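Novice:
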Amino acid sequence: MQPPSACPCRGGIPWQRILLAVSLLTFWYPHPTALLTIEPVPFDAAEGRDVLLLVHNVSENAIGYNWFKGNTANNSFKIISYLVSSQMTTPGPAFNGGEKIYSNGSLLLQKVTQNDTGFYTLQTVTADAIVELATGEFFKLPKPNITINNSQPMEGEDSLALTCEPEINYGSYLWKINNQMIPDGDRLKMQLSPDHRTLSIDPVRQEDAGEYQCEASNPASSTRSDRYRLAKLPKPNITINNSQPMEGEDSLALTCEPEINYGSYLWKINNQMIPDGDRLKLNDTGPYECETQNPVSANRSDPLTLNISYGPDAPIIKPPDSHFRPGTNLNLSCHADSNPPAQYSWSFNGRLLESTQQLSVPNLSTNNSGSYVCVAHNSVTNFNRTTTKNITVSGKWTQEHSIKYWTPFPPLLFWFIWERLLADTPLKFPVSSLLCHAGESWSLSCSHRVSLPGRQELGGGARAKVRSVHREG
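At position 405 of the sequence shown the residue is numbered 658 (the numbering used here), and the sequence of numbers has no breaks.
The structure is reproduced here in structure tokens:
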């Protein structure tokens, strides 16, 4: 850039024009001690636009310029060189094809991107070998984003602050709701910070749902954030990655659908919060519920109960008895904890009997002594568990009888009548072995266990009858 030529007019010149001429000369011929400086034009540029790194106070006898990316003159980051005498340019290692240098040393960055931001250093060399350095910074206005100060505010109680990030210098902020400026009627509960960077809603309610957007701008450019959606959430549902997980083998993932932006999730089991890091147990089948929350609403899924396949555990055979008498019946039952319920089968001494949970063998004989095996099978886990029970059929048998006598006489008189009545019977046992107990109306009931060959009636109101059987020896 050359200084303006002198005015060609002769004769008198108006004083105002002389002052103007002096002013222009002062602008084009700066003070000789002025420092070399770099000015980005524009200072804040939008992505895709050109930026000129304008140089001020270049020495008149400069013979060459070198531009570097960064804040030092490192040849590894040299962008371009310019020789004044030949007007020759030489690209350096950091040249990317979008830079252009002018004869006054200024550098044009074409269609800038985020990668072009940062420091730039100019090195000038004069004819008397004086080297000068100047560093400038080019700042591109970034795309803003919205952050909130409370992800789980209580509707009608808590406030909510939306902030436009990042903070910028030499710029301003603008807020829109549903692509409209904030209505005047909402300004009673919606307030902007002094720099308009933060929008506060106090208190937050469902009617505040909508799409919020902030715009950052400066004299050279403007850019908008993505829409921040505050909406009433739909009812969530729980999906499961495995409908029949097997205990100890499969993993299980419960997912709360749909995915929401700017919200949070909460899980409960049996209507209780699930603590972080807790390992679920087999009996933690549920029901499970997930809850979605955002600043203006909350919603809960239907409960889900897990169906975990496990087992079978070792079968239990009942009754616990293992000795039986000939002629009696054997009734065994088998049970194993399993999901789905186990299928059962029985074998005797290696021979398959029945595929049932209950086993009945009537009229036992000694041939029925042996090993009875119950097999429990789970059709989903494909596991089998067995339990063996050894049964013995043997023994000498007698009938057990009970003799009872009832009398309306007082207890003292009873002993006399009892002995007298029994005098003519073949039953012989000491009176002291009787088990007696006084009842109402001076009655007394006594019993004694004896072995009798069948039923026998006793005279005088005493009688004997068969009560049960038991094995002796």
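Every residue gets a Cβ at the ideal spot worked out from N, C-alpha and C, and that includes glycine. All values reported here derive from a predicted model rather than from experimental measurement.
(1) Nearest to N431 by alpha carbon, out of T639, Q611 and A462?
(2) Report, in whole angstroms, the separation of the C-beta atoms of P593 and T639, which I expect to be a contact under 8 Å.
(3) Please report the straight-line C-alpha distance between P498 and E410, rounded to a whole angstrom.
(4) Measure the CB-CB distance between T619 and S647 and report whether it falls below 8 Å.
(5) Where do the N-terminal and C-terminal ends of the beta strand (DSSP E) with L415 fall, by residue?
(6) Exposed or buried, which one is R458 when buried takes at least 16 other CB atoms within 10 Å?
(7) Is the beta carbon of G317 sitting closer than 8 Å to the one on V337?
(8) Please report the straight-line C-alpha distance between Q611 and C587, rounded to a whole angstrom.
(9) Could you check whether the region 575 to 584 touches the region 612 to 631, counting it as contact only if at least three pairs of C-beta atoms, one from each stretch, sit closer than 8 Å?
(10) Taking 6 Å as the limit between beta carbons, can you name the residues of its chain near Q363, skipping five residues before and five after?
(11) What is the DSSP secondary structure of N620, counted as helix, strand or coil?
(12) Considering only the beta carbon of each residue, do A315 and T374 sit closer than 8 Å?
(13) By Cβ distance below 8 Å, which residues in the same chain neighbour L557 in space, the five residues on each side in sequence not counted?
(14) How about N422 and L413: are their beta carbons less than 8 Å apart?
(15) Contact check, Y426 vs E464 under 8 Å by CB: the rounded distance?
(16) Alpha carbon to alpha carbon, how far is E418 from G424? Give it in angstroms, no decimals.
(17) So, K521 versus I527, is the Cβ gap smaller than 8 Å?
(18) What's the C-alpha gap between S575 and S622?
(19) In angstroms with no decimal places, state the Cα-to-Cα distance between L307 and G358.
(20) Assign Y518 to buried or exposed, taking buried as 16 or more other Cβ atoms, counted over all protein chains shown, within 10 Å of its Cβ.
(21) Quick check: the Cα distance between Q466 and P487, rounded to an integer number of angstroms?
(22) Which runs of the beta strand (DSSP E) at least 3 residues long sit entirely within the region 295 to 370? Give them in chain order.
(23) Measure how close the beta-carbons of L289 and N310 come, nearest whole angstrom, since I'm counting them as under 8 Å.
(24) For P293, does the count of other Cβ atoms within 10 angstroms reach 16, so buried, or fall short, so exposed?
(25) Using a Cβ-Cβ cut-off of 7 Å (strictly less than) and excluding sequence neighbours within five positions of G395, which residues of its own chain qualify?
(26) Between I383, F372, I399 and P447, which has its C-alpha nearest E313's C-alpha?
(27) Please list, in chain order, all residues of the same chain as P565 whose beta carbon is under 6 Å from its beta carbon, the five residues on each side excluded.
(28) Whole angstroms is fine: what's the gap from T651's alpha carbon to N643's?
(29) Express the C-alpha separation of S334 and E433 in angstroms, rounding to a whole number.
(30) Could you tell me how far apart the beta carbons of Y749 and S608 are, in whole angstroms, since I believe they sit closer than 8 Å?
(31) So the beta strand (DSSP E) M443 belongs to, where does it begin and stop?
(32) Pick from P511, C509 and E544: whose alpha carbon is nearest that of Q525?
(33) How about I354 and T342: are their beta carbons less than 8 Å apart?
Specialist: With the given structure in hand:
(1) In the sequence shown, the residue the question calls residue 431 occupies position 178. For N431, the nearest C-alpha among the options comes from A462.
(2) Within the sequence shown, numbered from 1, the residue matching residue 593 stands at position 340. Within the sequence shown, numbered from 1, the residue matching residue 639 stands at position 386. So it is not a contact: roughly 19 Å between Cβ atoms.
(3) Walking along the sequence shown from the start, residue 498 turns up at place 245. Walking along the sequence shown from the start, residue 410 turns up at place 157. Cα-Cα distance, rounded: 43 Å.
(4) Here residue 619 corresponds to residue number 366 of the sequence shown, with the count starting at 1. Here residue 647 corresponds to residue number 394 of the sequence shown, with the count starting at 1. Yes; because the gap between Cβ atoms is below 8 Å, this pair is in contact.
(5) Working through the sequence shown from its first residue, we reach residue 415 at position 162. Segment L413 to E418, the beta strand (DSSP E) holding L415.
(6) As a position in the sequence shown, residue 458 is number 205, starting the count at 1. With fewer than 16 other Cβ atoms within 10 Å, it is exposed.
(7) Residue numbering aside, residue 317 sits at position 64 when the sequence shown is read from its first letter. Residue numbering aside, residue 337 sits at position 84 when the sequence shown is read from its first letter. Going by C-beta atoms, G317 is nearer than 8 Å to V337.
(8) Taking the first residue of the sequence shown as position 1, residue 611 is located at position 358. Taking the first residue of the sequence shown as position 1, residue 587 is located at position 334. Going from the Cα of Q611 to the Cα of C587 covers about 7 Å.
(9) yes
(10) Position 110 of the sequence shown holds residue 363. The answer, listed in chain order, is D303 and G351.
(11) Counted from its first residue, the sequence shown places residue 620 at position 367. The answer is helix: DSSP assigns N620 an H, G or I state.
(12) Counted from its first residue, the sequence shown places residue 315 at position 62. Counted from its first residue, the sequence shown places residue 374 at position 121. No, they are not a contact pair.
(13) Sequence index remark: in the sequence shown, residue 557 carries index 304 (1-based). Answer for L557: I491, I493, L507, G539, P540, Y541 and E542, listed in chain order.
(14) On the sequence shown, residue 422 is found 169 positions in, with the first residue counted as 1. On the sequence shown, residue 413 is found 160 positions in, with the first residue counted as 1. For N422 and L413, no; Cβs fall outside 8 Å.
(15) Walking along the sequence shown from the start, residue 426 turns up at place 173. Walking along the sequence shown from the start, residue 464 turns up at place 211. Not really, about 17 Å apart at Cβ, beyond 8 Å.
(16) For the purposes of this step, residue 424 is taken as residue 171 along the sequence shown, with counting starting at 1. For the purposes of this step, residue 418 is taken as residue 165 along the sequence shown, with counting starting at 1. For G424 and E418, the distance between alpha carbons rounds to 12 Å.
(17) Position 268 of the sequence shown, counting from 1, holds the residue named residue 521. Position 274 of the sequence shown, counting from 1, holds the residue named residue 527. Taking a C-beta distance under 8 Å as the contact criterion, K521 and I527 qualify as a contact pair.
(18) For the purposes of this step, residue 575 is taken as residue 322 along the sequence shown, with counting starting at 1. For the purposes of this step, residue 622 is taken as residue 369 along the sequence shown, with counting starting at 1. Between the C-alpha atoms of S575 and S622 there is a straight-line separation of about 10 Å.
(19) Translated into the one-based positions of the sequence shown, residue 307 becomes position 54. Translated into the one-based positions of the sequence shown, residue 358 becomes position 105. The alpha-carbon atoms of L307 and G358 are separated by roughly 8 Å.
(20) In the sequence shown, residue 518 corresponds to position 265, counting from 1. Exposed.
(21) For this step, residue 466 is matched to residue 213 along the sequence shown. For this step, residue 487 is matched to residue 234 along the sequence shown. Going from the Cα of Q466 to the Cα of P487 covers about 22 Å.
(22) The qualifying runs are 304 to 309, 315 to 322, 331 to 336, 341 to 344, 352 to 354 and 360 to 362.
(23) Within the sequence shown, the letter at position 36 stands for residue 289. Within the sequence shown, the letter at position 57 stands for residue 310. Sure, about 5 Å apart at Cβ, within 8 Å.
(24) Taking the sequence shown and counting its residues from 1, one reaches residue 293 at position 40. P293 comes out buried.
(25) Here residue 395 corresponds to residue number 142 of the sequence shown, with the count starting at 1. It should be pointed out that residue 395 corresponds to Pro in this sequence rather than to Gly. Excluding residues within five positions, the ones whose Cβ falls inside 7 Å are P419.
(26) As a position in the sequence shown, residue 313 is number 60, starting the count at 1. Cα-wise, what sits closest to E313 is I383.
(27) If you number the sequence shown from 1, residue 565 lands on position 312. Annotation for P565: A589, S591, A595, A629, N631 and R638 place their beta carbon closer than 6 Å to its own, counting only its chain and skipping 5 residues before and after.
(28) Counted from its first residue, the sequence shown places residue 651 at position 398. Counted from its first residue, the sequence shown places residue 643 at position 390. In this prediction, T651 scores a pLDDT of 39, lower than 50, which makes its location untrustworthy; the coordinate-derived value is nonetheless stated afterwards. Approximately 24 Å between the Cα atoms of the pair.
(29) Numbered from 1 along the sequence shown, position 180 holds the residue referred to as residue 433. Numbered from 1 along the sequence shown, position 81 holds the residue referred to as residue 334. For the sequence presented, residue 433 should be read as Gln rather than Glu. Cα to Cα, Q433 sits roughly 50 Å from S334.
(30) Residue numbering for the chain in the displayed model covers 254 to 726; residue 749 lies beyond these limits and cannot be assessed.
(31) In the sequence shown, the residue the question calls residue 443 occupies position 190. In the DSSP assignment, M443 falls within the beta strand (DSSP E) that extends over M443 to L445.
(32) Translated into positions along the sequence shown, residue 525 becomes position 272. Answer by Cα proximity: E544.
(33) Counted from its first residue, the sequence shown places residue 354 at position 101. Counted from its first residue, the sequence shown places residue 342 at position 89. Yes, the Cβ-Cβ distance between I354 and T342 is below 8 Å.
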